[in-house]
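Colleague: I have a structure I would like to understand better, so I am pasting it below and will then ask my questions one at a time.
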Amino acid sequence: MIRRLSISNYRSLGQDVDLRLGPLTALVGQNGSGKTNVVDALRFLGDCMRLGLEGAITKRHGIGAVRR
Numbered sequence: 086m087i088r089r090l091s092i093s094n095y096r097s098l099g100q101d102v103d104l105r106l107g108p109l110t111a112l113v114g115q116n117g118s119g120k121t122n123v124v125d126a127l128r129f130l131g132d133c134m135r136l137g138l139e140g141a142i143t144k145r146h147g148i149g150a151v152r153r
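Here it is, written out as structure tokens:
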């Protein structure tokens, strides 16, 4: 189980986003607050494992669309 997620400069997420995750974690917030980008960061890791880093970045339309 993933217990902690640390993200920096991924899409709309700024530096040093640190989330502690439990057995069931709900992401709640206003539109545009980054909930989808947190989920996509996890998908990105999975894509890196399956497609490699270049494939995961290409799937998201290039590094400019991924980094902040």
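Just so we're aligned: the sequence shown equals residues 86 to 153 in the numbering used here. Backbone N, C-alpha and C define an ideal beta-carbon position, used for all residues, glycine too.
With a 10 Å radius around its C-beta and 16 neighbouring C-beta atoms as the bar for buried, classify LYS126 as buried or exposed.
Modeller: Translated into the one-based positions of the sequence shown, residue 126 becomes position 41. The sequence as given places Ala at residue 126; Lys does not occur at that position. Its Cβ being crowded by 16 or more others within 10 Å, ALA126 is buried.
Colleague: Considering only their Cβ atoms, is the gap separating ASN122 from SER97 smaller than 9 Å?
Modeller: What you label residue 97 is simply residue 12 of the sequence shown in a count that begins at 1. What you label residue 122 is simply residue 37 of the sequence shown in a count that begins at 1. A contact, by the Cβ cut-off of 9 Å.
Colleague: For LEU136, which residues of its own chain have a beta-carbon under 7 Å away from its beta-carbon, when the five flanking residues on both sides are left out?
Modeller: Along the sequence shown, one-based indexing puts residue 136 at 51. So the list reads LYS144, once near-sequence residues are dropped.
Colleague: Please work out which residues of its chain come closer than 6 Å, Cβ to Cβ, to GLY114, disregarding the five sequence neighbours upstream and downstream, and give them in chain order.
Modeller: Counting from one through the sequence shown, the residue named residue 114 turns up at place 29. Taking GLY114 as the centre and dropping the five residues before and after it, the same chain places the C-beta of LYS120 closer than 6 Å to its C-beta, in chain order.
Colleague: Look at the Cβ atom of MET86, then the Cβ atom of LEU106, and state whether they are nearer than 9 Å.
Modeller: Walking along the sequence shown from the start, residue 86 turns up at place 1. Walking along the sequence shown from the start, residue 106 turns up at place 21. In contact: MET86 and LEU106 (Cβ atoms closer than 9 Å).
Colleague: Indicate the three-state DSSP secondary structure (helix, strand or coil) for ILE92 in the structure shown.
Modeller: Here the question's residue 92 lines up with position 7 in the sequence shown. The answer is strand: DSSP assigns ILE92 an E or B state.
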